[in-house]
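Enquirer: In case it helps, our numbering puts the sequence shown at residues 1 to 161. Ideal Cβ positions, reconstructed from N, Cα and C, are used throughout, including at glycine. No experiment lies behind these values; they were computed from the predicted model shown.
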Amino acid sequence: MKKLYLTLLISVLVGGLFGQSAVVATGGTATGSGGTVTYTVGQIADQQVNGGAKYIVEGVQQPYEIQTVGIQDHPEILLEAVLFPNPTASYVQLRITNFDMPIDGLTAQLYDANGKLLQVFNVTDFETHMDLSAYATATYQLRVMDGNTLLKTFKVVKNKL
C-alpha cells in the first residue's frame, strides 16, 4: 500500500514539472546574412481571441515586428509613427507619437504588391485601428498621407487567422 501511495505521489509531482512546456515536433534558430529567425513546428495551441481593439494570441512564440520601409519624403515635416502588431492576422494599429501639424486630413492608404489601392483609412486620432481581416495572406504597403504628400510608408505582413 505504501508503494502505491509513493508511486502516486511521485507521478503527481513529476507531472507538475511539465506544466509550462509546449509540445512541438521541432524547433530551432536559423541564421543567415539577412538576420536570425526562431521557429517552432507542430504547435498545438494557436488561437486568437479578440476583444474590441485588443487581442490575445495563444502559442509558444509571439511575433512582433515594427518595420519601416520608407522614410519621410519631406524632412521639414516631423512625423513619428509606429504600426503594430506586424505581422498581423486581423488588424493593425497606427500610433502617431509625434507630428508637428494637426492630424486633420491624414489618411492611411493600403496597397497590394502590385501597387493597387485597396482601402483608405481616415486618421482621426493619434491611434487608428485598421481592420485587415478581409484581406488575403500577403505583404502590403500602408502609406501615411497628408493630402497628396507621402509622409511615411510601412510594410504590413498579413498572416492567416
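DSSP puts residue 146 in a beta bridge; with which residues?
Expert: According to DSSP, which records beta bridges pairwise, residue 146 is partnered with 106, 149.
Enquirer: Under 8 Å, do residue 107 and residue 145 count as touching if we go by C-beta distance?
Expert: Taking 8 Å as the Cβ cut-off, residue 107 and residue 145 qualify as a contacting pair.
Enquirer: Got a sec, what are the start and stop residues for the beta strand (DSSP E) residue 131 sits in?
Expert: Run containing residue 131: 127-131, per the beta strand (DSSP E) assignment.
Enquirer: Enumerate in chain order the residues of its own chain whose CB-to-CB distance from residue 105 is below 8 Å, with the five nearest sequence positions on each side excluded.
Expert: Once the five neighbours on either side are set aside, the close Cβ partners of residue 105 are 146, 147.
Enquirer: For residue 83, which option in 155, 12, 119 has the closest C-alpha, if you only look at C-alpha atoms?
Expert: The candidate whose alpha carbon is nearest that of residue 83 is 155.
Enquirer: Does the distance from the CB of residue 92 to the CB of residue 117 come in under 8 Å?
Expert: No, these two residues do not count as a Cβ contact at 8 Å.
Enquirer: Report the rounded CA-to-CA distance for residue 1 versus residue 11, giving the unit in angstroms.
Expert: The alpha-carbon atoms of residue 1 and residue 11 are separated by roughly 15 Å.
Enquirer: Does the Cβ of residue 88 have 16 or more other Cβ atoms within 10 Å, making it buried, or fewer, making it exposed?
Expert: Counting Cβ neighbours within 10 Å, residue 88 comes out buried, since at least 16 surround it.
Enquirer: Quick one: grab the DSSP three-state call for residue 6.
Expert: Three-state result, residue 6: helix.
Enquirer: Give me the residue from 152, 157, 158, 128 with the minimum Cα distance to residue 79.
Expert: When only C-alpha atoms are compared, the closest one is 152.
Enquirer: Can you give me the Cβ contacts of residue 20 inside the same chain, cut-off strictly under 8 Å, excluding the 5 residues immediately before and after it?
Expert: In this prediction, residue 20 has a pLDDT of 49, which is less than 50 and means its spatial position is unreliable; what the coordinates show is noted afterwards. Contacts found: none.
Enquirer: Can you check which of these residues, 5, 6, 127, 136, is closest to residue 99 by C-alpha distance?
Expert: Selected option, being the one with the closest Cα: 127.
Enquirer: On the three-state DSSP scale, how would you describe residue 123?
Expert: Looking at residue 123 - three-state DSSP - the assignment turns out to be coil, as it is neither helix nor strand.
Enquirer: How should residue 114 be labelled, buried or exposed, when 16 other C-beta atoms within 10 angstroms of its C-beta is the threshold for buried?
Expert: By the neighbour-count rule (16 or more Cβ atoms within 10 Å), residue 114 is not buried but exposed.
Enquirer: Would residue 112 pass as a contact of residue 134 if the rule is Cβ separation under 8 Å?
Expert: Result no, Cβ atoms of residue 112 and residue 134 do not sit closer than 8 Å.
Enquirer: Of the residues 102, 119, 26, which one's Cα is nearest the Cα of residue 216?
Expert: This structure gives no information on residue 216, because the portion of the chain shown stretches from 1 to 161.
Enquirer: One question on the structure: do residue 36 and residue 29 come within less than 8 Å of each other, judged by their Cβ atoms?
Expert: Yes, these two residues count as a Cβ contact at 8 Å.
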